[in-house]
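Below: one structure, written as structure tokens.
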């Protein structure tokens with residue numbers, strides 16, 4: 005950096021103002037031969053050496069060393085990059101101050117050496133002052149603008165261009181001040197040089213030969229200096245403008261990867277900083293927009309999949325609801341059938357209840373008749389015993405016995421009829437028990453027992469009928485067999501006793517059958533209650549099925565509505581996906 009600054013500034017930029025100063029001193033001072041030699045071989049070399057050495061020492065201390073210290077760090081953090089950027093932005097101003105000190109030191113060296121070698125002459129010090137006032141401003145402007153262009157190459161580095169700065173840190177030398185100082189510097193150079201020449205001619209202090217040529221040369225050099233200064237100013241402004249335009253063109257192509265370098269300490273530098281901030285903001289926005297677009301595309305795909313899943317599940321739910329509705333209708337039909345069967349069962353149970361009441365009454369009559377027969381048999385037995393002692397009354401007794409035997413035959417026939425009816429009732433009860441299924445199983449057992457008892461009763465009644473017939477024959481023949489009456493009566497009494505025991509047993513069995521009939525009636529009352537309960541339950545179940553069918557219809561309608569909404573959701577998600585893809589394509593314009 006030090007060598008490049010010496011070559012670019014000291015040997016190129018510095019030479020033109022120095023040439024102007026040397027030419028003006030030689031023309032305006034009117035050196036004698038001794039003073040000319042002292043100036044050419046002593047004062048001028050001393051001034052050049054002093055300004056170069058001390059100026060570059062000051063440059064190294066003020067500019068090069070701090071920059072080198074910051075550049076030498078292995079990794080610059082944010083604060084170090086900010087300090088380096090501020091240092092490079094302030095470096096042109098330090099160079100301008102350095103050149104002012106150089107001119108002051110250089111002209112002082114020239115005047116001092118000439119005074120020491122040739123003696124003090126006020127005109128020389130006056131001329132040196134004019135040179136300082138004429139060349140110092142224009143040299144400062146040249147140094148500032150050329151140094152600014154040189155340090156712009158460092159500020160354009162990406163690690164420094166991306167460092168943000170505040171406005172007060174950037175705008176240290178506004179364009180208005182640059183323009184005014186440049187104009188003032190050029191005007192002062194013309195004014196001091198040409199005005200001094202005019203003043204010297206007017207006062208008679210300048211009597212050089214070929215003065216017109218010298219004035220023309222001075223004017224030419226001044227014009228070159230002014231043109232160079234104005235050109236450097238315009239070049240500096242142009243460089244900054246080009247940097248801004250280049251950044252804008254880069255942003256226009258969508259490339260947001262770079263940053264606009266802050267290439268000057270003026271409003272253009274601030275503009276570059278603003279463009280750089282805008283680029284970073286656009287980069288952040290475009291990055292966020294790209295991420296959002298991709299996320300939107302992904303979410304739209306997820307939304308589409310969710311819509312498909314919702315539509316598919318809605319269709320499956322609709323199919324399931326239809327199946328459930330069909331099952332409920334079928335179940336309702338079954339429940340209605342069960343209710344009908346329960347009503348029929350209730351009707352049958354009531355008919356059986358009536359039959360059982362009739363059977364109960366008949367059994368009650370059978371028991372009463374059996375008791376009557378038993379009493380008659382006891383009476384017959386008593387009379388038979390009395391017949392043993394009262395043979396005289398045997399004919400009358402036999403007649404009574406014949407009559408009683410007729411009554412027995414009638415009673416037996418009645419009992420036979422009752423037994424037949426009991427058997428028929430038992431058969432009907434068995435049939436109804438088979439129809440009742442599980443509820444009629446106990447009743448079927450009772451009906452079976454009643455049927456067996458009826459069979460046994462008919463068997464006994466048949467025997468009794470045969471005996472009664474035989475007794476009737478015996479009685480009819482008793483009148484001829486009186487002699488054997490006693491013996492026959494004894495046997496008859498024994499047979500009557502046996503038959504009495506059978507009738508007594510038949511009465512007990514009839515009483516047992518009456519109790520069984522009562523129990524059977526109670527069981528049928530339970531069957532009737534259960535049948536009524538089943539009928540009521542199936543009726544309520546039918547109503548519940550009808551309500552469920554209505555609810556399923558509403559569910560079907562809602563499912564159809566959900567299916568339509570899911571289809572609309574799929575359409576919207578498809579449009580959203582297309583918009584997201586378009587947004588992704590648009591964001592691909594930016595280079596992030």
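Residue numbers (the working numbering): 5 to 596. Positions of the beta carbon are idealized from the N, C-alpha and C atoms, including for glycine. What you are looking at is a predicted structure, and each value in this text was computed from that prediction instead of being measured.
Pairing residue 139 with residue 193 gives a Cβ-Cβ distance under 9 angstroms. Taking residue 89 as reference, the option from 160, 52 and 48 with the minimal CA-CA separation is 160. Considering only 33, 358 and 144, the residue with the shortest C-alpha distance to residue 433 is 358.
In the three-state reduction of the DSSP assignment, residue 160 falls in the coil class, being assigned neither a helical nor a strand state. Cβ-Cβ distances below 7 angstroms link residue 232 to 20 and 146 in the same chain, with the five nearest sequence neighbours on each side left out; the list follows chain order. In the DSSP assignment, residue 112 falls within the unbroken alpha helix (DSSP H) covering 82-122. By the C-beta criterion, the region 109-119 is judged to be in contact with the region 52-64, since at least 3 inter-stretch pairs fall below 8 angstroms. Between the region 60-71 and the region 31-51 there are fewer than three inter-stretch CB-CB distances shorter than 8 angstroms, so the stretches are not counted as touching. Following the DSSP letters along the chain, one finds residue 27 inside the alpha helix (DSSP H) bounded by residues 19-33. By the neighbour-count criterion, in which a residue is buried when 16 or more other Cβ atoms sit within 10 angstroms of its Cβ, residue 407 is exposed. In the structure shown, the three-state DSSP call for residue 36 is coil.
Burial state of residue 249 is exposed, judged by a 10 Å Cβ sphere holding fewer than 16 other Cβ atoms. Between residue 142 and residue 189 the beta-carbon gap is near 5 angstroms, inside 8 angstroms, which marks them as a contact.
Between residue 426 and residue 468, the C-beta spacing is not below 9 angstroms. Looking at 460, 559 and 203, the one whose alpha-carbon comes closest to that of residue 131 is 203. Here residue 237 is near residue 149, since their CB atoms are less than 9 angstroms apart.
The Cβ neighbour count for residue 228, taken over all protein chains shown within 10 Å, is under 16; the residue is labelled exposed.
When the beta-carbon positions are compared, residue 155 and residue 92 come within less than 9 angstroms of each other. Cα atoms of residue 573 and residue 585: separation of roughly 18 angstroms, rounded to the nearest angstrom.
Residue 126 counts as exposed, since fewer than 16 other C-beta atoms from the protein chains shown sit within 10 angstroms of its C-beta. Shortest Cα-Cα distance from residue 105 to any of 85, 51 and 122 involves 51. Shown here, residue 441 sits in coil according to DSSP, grouped into three states, outside any helix or strand. Exposure of residue 302 is indicated by the presence of fewer than 16 other C-beta atoms within 10 angstroms of its C-beta. Within the same chain, 109, 110 and 113 come within 8 angstroms of residue 54 by CB-CB distance, once the 5 residues on both sides are set aside.
Bounds of the alpha helix (DSSP H) holding residue 52 are 48-63. Minimum Cα-Cα distance from residue 253 among the listed residues 242, 581, 279 and 436 corresponds to 279. When the alpha-carbon of residue 31 is set against those of 152, 49, 83 and 221, the nearest one is in 221. Each residue's CA atom was taken as its position, placing residue 576 and residue 295 some 21 angstroms apart. Residue 28 counts as buried, since at least 16 other C-beta atoms from the protein chains shown sit within 10 angstroms of its C-beta.
Excluding sequence positions up to five before and after residue 158, its CB lies within less than 6 angstroms of the CB of 92, all in the same chain and listed in chain order.
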